[in-house]
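To convert, count from 1 in the sequence shown and add 622; that's my numbering.
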Amino acid sequence: MSTQVPRLLSGLVDDAAVFPPGNAPLPDAVTAHRTHRTAWYADMVGPLLLPASEIQRGSLSGLVDPAEGLVIGLIGDTGLDQLPQALDALAPDGVTARQIEAPVAKRGEDPQPGLSELMTLAGRLDGTAVYAEIPLTFGLMGALDTLAEARAAGLPVAAKFRTGGLAAELFPTPAELAAVICACRDRKLPFKLTAGLHHAIRHRDPETGFNHHGFVNVLGATLAAVEGAEVDGVAELLAATDPVRVVEPARAHRDAERPLWVGYGSCSISEPLTDLIRLGLVNGGYEA
């Protein structure tokens with residue numbers, strides 16, 4: 623473990639360079655990911671996230687040396703039934719999927735059928751972590767119960783939630799996100815987040831007018847939830863725009879393993895890294 627990246631931030635940011643709004647070409651993303659994996663801040667960086675559709679098209683062929691052992695997170699954009707084919711397509715390039723992440727329902731749909739299908743796939747895999755992306759709408763708590771029961775029975779499944787997008791309703795309020803964090807806490811259910819977490823501290827995007835959650839806010843809020851805070855207290859940390867309010871809990875726990883929150887995908891590694899350096903949570907060495 624690097625002395626420059628504290629244990630609390632280990633693997634916090636998955637490399638989602640090919641996804642919006644970054645939309646990096648795949649060859650550029652693979653090259654940049656190699657740089658991230660050998661940089662001084664490598665401990666902060668999770669796997670390269672790639673869509674199943676690109677894998678099925680064979681887009682990695684010629685970009686990866688099978689001997690390098692590239693590790694990715696497979697994002698299920700082709701439907702749950704196509705995920706086994708995408709996994710099979712990784713082997714010729716020597717690529718390993720550390721995790722699979724897939725939506726199990728659209729907003730307003732019952733997530734249980736998709737959950738059942740995804741958990742059947744998880745049961746056939748050899749310990750690969752599987753994250754079910756669940757809309758923050760109809761059937762959410764029942765879906766969390768189902769995941770928690772499966773996880774308690776030994777299946778390596780967890781939850782994933784969307785915290786942003788192209789419409790205001792895709793950004794949960796602090797109270798809504800706090801309720802989800804506390805619900806996962808109560809069920810001992812790890813979770814991932816995706817979308818909208820562009821900066822460390824909660825802020826309003828001047829171009830869209832959307833209020834974005836800050837990833838250090840989420841970190842502080844999760845730490846508080848694990849220590850017993852209820853929804854109101856967790857929501858206060860998520861809503862805070864004063865950096866001191868959210869940085870201090872993270873600083874106090876910097877040498878501990880991050881609880882409950884597995885991490886999130888970002889199309890930029892440099893943006894969260896720069897924010898962490900400016901807030902004094904990561905030590906030096908990087909020129910933005």
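Beta carbons: idealized from backbone N, C-alpha and C, even for Gly. In this text the structure is predicted, and so the values were computed from the model without any measurement.
How is residue i classed by DSSP in three states: helix, strand or coil?
{"i": "Asp897", "result": "helix"}
{"i": "Leu696", "result": "strand"}
{"i": "Ser888", "result": "strand"}
{"i": "Gln721", "result": "strand"}
{"i": "Pro647", "result": "coil"}
{"i": "Ala846", "result": "helix"}
{"i": "His835", "result": "coil"}
{"i": "Pro923", "result": "The structure shown does not extend to residue 923, since the chain spans only 623 to 910, so no value can be given for it."}
{"i": "Arg773", "result": "helix"}
{"i": "Val635", "result": "strand"}
{"i": "Arg867", "result": "helix"}
Is residue j closer than 7 Å to residue i when the C-beta atoms are compared?
{"i": "Ala781", "j": "Phe813", "result": "yes"}
{"i": "Arg809", "j": "Leu766", "result": "yes"}
{"i": "Val693", "j": "Tyr663", "result": "no"}
{"i": "Arg629", "j": "Asp877", "result": "yes"}
{"i": "Arg824", "j": "His835", "result": "yes"}
{"i": "Leu762", "j": "Thr785", "result": "no"}
Can you tell me whether residue i is buried or exposed, with buried defined as 16 or more other CB within 10 angstroms of its CB?
{"i": "Arg880", "result": "buried"}
{"i": "Leu788", "result": "exposed"}
{"i": "Ala724", "result": "buried"}
{"i": "Glu909", "result": "Here the model assigns Glu909 a pLDDT of 42, short of 50, so the residue's position is not dependable, and the following value carries that caveat. Glu909 is exposed by the Cβ-count criterion."}
{"i": "Pro714", "result": "exposed"}
{"i": "Asp732", "result": "exposed"}
Can you check which of these residues, the options, is closest to residue i by C-alpha distance?
{"i": "Leu769", "options": "Glu829, Thr742, Glu791 and Ile694", "result": "Thr742"}
{"i": "Gly887", "options": "Arg679, Gln707, Ile677 and Glu755", "result": "Glu755"}
{"i": "Leu777", "options": "Gly749, Phe793, Val640 and Pro649", "result": "Gly749"}
{"i": "Pro865", "options": "Ser892, Glu798, Phe837 and Ala817", "result": "Phe837"}
{"i": "Ala651", "options": "Phe832, Leu815, Leu634 and Leu672", "result": "Leu672"}
{"i": "Leu712", "options": "Leu737, Val726, Ala727 and Ser681", "result": "Ser681"}
Just confirm the distance between the C-beta atoms of residue i and residue j, as a whole number of angstroms; I'd bet it's less than 8 Å.
{"i": "Leu705", "j": "Gly698", "result": "5 Å"}
{"i": "Arg729", "j": "Pro688", "result": "That pair is no contact at about 40 Å."}
{"i": "Leu702", "j": "Leu740", "result": "6 Å"}
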